[in-house]
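Residue numbers (the working numbering), protein chains in the order written: chain A, 1 to 140; chain B, 1 to 140. Glycine residues also receive a C-beta, built at the ideal position from the N, C-alpha and C atoms. Every value quoted in this text rests on a predicted model; they were computed, and no experiment measured them. One structure below.
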DNA sequence: GTAGTTATTGCAAGAACTTGCAATAAGGGT
DNA sequence: ACCCTTATTGCAAGTTCTTGCAATAACTAC
């Protein structure tokens, strides 16, 4: 589990604390590699730290999101799903089969700049989920 | 309430039925003008049709979405919010104050084409919600 | 109008998520 | 090593959302 403790200084420097619960959740997400729903995270975290509770998982995910350590995205059903923050990317999910792929953020750079100019909003930076039909399903 | 009944033929031609529940929900959304959460829709619908139940509201919203009569979007907290389907547009929501504005779809046309080329996916068409910081909050 | 078909609803139970508050424990100071 | 402060957790209760199934009612055909 020690592989996730490298995050501790990041939190401490901002006045927050590293706890066993946060460590376990980061650990679960690091080893998952993909997106996980809160309840999946809860189940896996409980294997490593049986005392952890559901509210803590939800609050921790929100906390880690605000601090940039994990990234939320919308599942095809509209709910949040979480993954360890890595290089910026987005998703396209197939309306038919539910499968998804990642899209490099570079493709959206221009759009973000256009939007900021057009709207006056700053720091636009959401992780987006597009819906479409994947090649397999389109040809079926 | 009769102003929403123009949708009936659209549904019937696809083998579905127009019911008082669907009519009321469409009516509520038409008069709201903006986005409403499922529970707000439920509250307002119950004033016009006291017998309506929560599961029906959720199922109806999903049904109307699939049939293109309403459009879901993500609230700043990640949950779905619904509005009557009109001309295509997206949203930018302020991370600080929660306020939002609409963005014409025209601005995203290019991106959608780029994404379809790059990914092989077809019919990409999701209603997007960007997060940013609005001019007011940025200057505060 | 009446009867038949079946899409749709309501009910009831359950799963997912949120919130307030008292108890705990992380990290800083001594 | 110990105490103090307060960020964080667990608990418990509440709200929001989902699902299966039997009962209802919209539409079609006669």
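ask   = Just the Cα atoms here: how many angstroms apart are residue 30(B) and residue 14(A)?
value = Taking the first residue of the second chain as position 1, residue 30(B) is located at position 30. Taking the first residue of the first chain as position 1, residue 14(A) is located at position 14. Taking the straight line from one Cα to the other gives about 46 Å.
query = Are there 16 or more other CB atoms within 10 angstroms of the CB of residue 73(A), so buried, or fewer, so exposed?
reply = As a working mapping, residue 73(A) is identified with position 73 in the first chain. Per the 10 Å Cβ criterion, buried.
message = If I measure Cβ to Cβ from residue 75(B) and keep anything under 6 Å in the same chain, skipping five residues before and after, which residues do I get?
response = Along the second chain, read from residue 1 onward, the residue named residue 75(B) stands at position 75. If we look at residue 75(B) and ignore the five residues flanking it on each side, its Cβ neighbours are 81.
ask   = Mind pulling the alpha helix (DSSP H) runs of 4 or more residues that sit fully within the stretch 23-93 of chain A?
value = 38-48 and 54-66
Alpha-carbon to alpha-carbon, residue 28(B) and residue 46(B) = Here the question's residue 46(B) lines up with position 46 in the second chain. Here the question's residue 28(B) lines up with position 28 in the second chain. Cα-Cα distance, rounded: 10 Å.
ask   = Given that residue 119(A) touches chain B, what residues does it touch there, using C-beta distances under 7 Å?
value = The residue given as residue 119(A) occupies position 119 in the first chain. The contacting residues are 92, 101 and 103.
message = Distance cutoff 8 Å, beta carbons only. Does residue 41(B) sit that close to anything in chain A?
response = Translated into the one-based positions of the second chain, residue 41(B) becomes position 41. Output row for residue 41(B): interface = no.
request  = Locate the beta strand (DSSP E) running through residue 8(A), then write down its first and last residues.
outcome  = Within the first chain, numbered from 1, the residue matching residue 8(A) stands at position 8. Taken as a continuous stretch (DSSP letters only), residue 8(A) belongs to no beta strand (DSSP E), being part of the alpha helix (DSSP H) at 8-12.
task = Can you pull the chain A residues whose beta carbon is under 9 Å from the beta carbon of residue 135(B), in chain order?
result = By 1-based counting over the second chain, the position of residue 135(B) is 135. The contacting residues are 119, 120, 121 and 122.
inquiry  = I want to verify the contact list: residues of chain B whose CB lies under 8 Å from the CB of residue 74(A), in sequence order.
reply    = By 1-based counting over the first chain, the position of residue 74(A) is 74. The contacting residues are 74 and 78.
request  = Indicate whether residue 183(A) and residue 57(A) have their beta-carbon atoms separated by less than 8 Å.
outcome  = Given a span of 1 to 140 for chain A in the structure shown, any question on residue 183(A) remains unanswerable.
task = Might you give, ordered along the chain, the residues of its own chain that have their beta carbon closer than 6 Å to the beta carbon of residue 48(A), omitting 5 neighbours on each side?
result = Residue mapping note: residue 48(A) aligns to position 48 of the first chain, counting from 1. Excluding positions up to five away in sequence, the list reads 24.
task = Establish whether the CB of residue 126(B) and some CB of chain A are separated by less than 8 Å.
result = The count along the second chain starts at 1 and reaches residue 126(B) at position 126. Yes, its Cβ sits closer than 8 Å to a Cβ of chain A.
Partner residues on chain B for residue 129(A), Cβ-Cβ distance less than 8 Å = As a working mapping, residue 129(A) is identified with position 129 in the first chain. Within chain B, the residues near residue 129(A) are 126.
key: Nearest neighbour of residue 118(B), chosen from 43(A), 117(A) and 135(A) [CA to CA]   = Counting from 1 along the second chain, the entry for residue 118(B) is found at position 118. The residue with the shortest Cα to Cα distance from residue 118(B) is 135(A).
request  = Please say whether residue 95(B) and residue 70(B) have beta carbons closer to each other than 8 Å?
outcome  = Against the second chain, residue 70(B) aligns to sequence position 70. Against the second chain, residue 95(B) aligns to sequence position 95. Contact flag unset, no.
Nearest residue (CA-CA) to residue 61(A), options 22(A), 108(A), 77(A) and 91(A) = Taking the first chain and counting its residues from 1, one reaches residue 61(A) at position 61. Among 22(A), 108(A), 77(A) and 91(A), the Cα nearest to that of residue 61(A) belongs to 22(A).
Simplified DSSP assignment, three categories, for residue 131(B) = For the purposes of this step, residue 131(B) is identified with residue 131 of the second chain, where counting begins at 1. Strand, per DSSP.
request  = Step through the CB atoms of chain B and report whether any lies within less than 8 Å of the CB of residue 61(A).
outcome  = As a first step, residue 61(A) is located in the first chain; it is residue number 61 there, counting from the start. Taking Cβ atoms only, chain B never reaches closer than 8 Å to residue 61(A), which makes this a no.
message = Considering only their Cβ atoms, is the gap separating residue 92(B) from residue 103(B) smaller than 8 Å?
response = Numbered from 1 along the second chain, position 103 holds the residue referred to as residue 103(B). Numbered from 1 along the second chain, position 92 holds the residue referred to as residue 92(B). Yes. Within cutoff.
key: Reduced DSSP secondary structure (H/G/I, E/B, other) of residue 118(B)   = Numbered from 1 along the second chain, position 118 holds the residue referred to as residue 118(B). The answer is helix: DSSP assigns residue 118(B) an H, G or I state.
Cβ distance (whole Å) where residue 126(A) is taken to contact residue 129(B) below 8 Å = If you number the first chain from 1, residue 126(A) lands on position 126. If you number the second chain from 1, residue 129(B) lands on position 129. Yes, residue 126(A) and residue 129(B) are in contact; Cβ-Cβ is about 7 Å, under 8 Å.
ask   = For residue 96(B), which three-state DSSP category applies?
value = Mapped onto the second chain, residue 96(B) falls at position 96. Correct three-state label for residue 96(B): coil.
task = Show which residues of chain A have a CB atom less than 9 Å away from the CB atom of residue 29(B).
result = Counting from one through the second chain, the residue named residue 29(B) turns up at place 29. Under the 9 Å cutoff, chain A gives no residues; its nearest Cβ is about 17 Å from residue 29(B).
Option nearest residue 35(B) by Cα separation, candidates 108(B), 86(B), 111(B) and 121(B) = Numbered from 1 along the second chain, position 35 holds the residue referred to as residue 35(B). Comparing Cα-Cα distances from residue 35(B) to each of 108(B), 86(B), 111(B) and 121(B), the minimum goes to 86(B).
inquiry  = Please list, in chain order, the chain A residues whose beta carbon lies closer than 9 Å to that of residue 96(B).
reply    = The sequence position of residue 96(B) within the second chain is 96, counting from 1. Near residue 96(B) there are no residues of chain A at all, since even the closest Cβ is about 10 Å away, more than 9 Å.
Alpha carbon of residue 37(A) to alpha carbon of residue 54(A), nearest angstrom = Taking the first residue of the first chain as 1, we reach residue 37(A) at position 37. Taking the first residue of the first chain as 1, we reach residue 54(A) at position 54. For residue 37(A) and residue 54(A), the distance between alpha carbons rounds to 12 Å.
task = Label residue 77(A) either buried or exposed according to how many other C-beta atoms from any shown protein chain fall within 10 Å of its C-beta, with 16 as the threshold for buried.
result = As a working mapping, residue 77(A) is identified with position 77 in the first chain. It is exposed - the Cβ of residue 77(A) has fewer than 16 other Cβ atoms within 10 Å.
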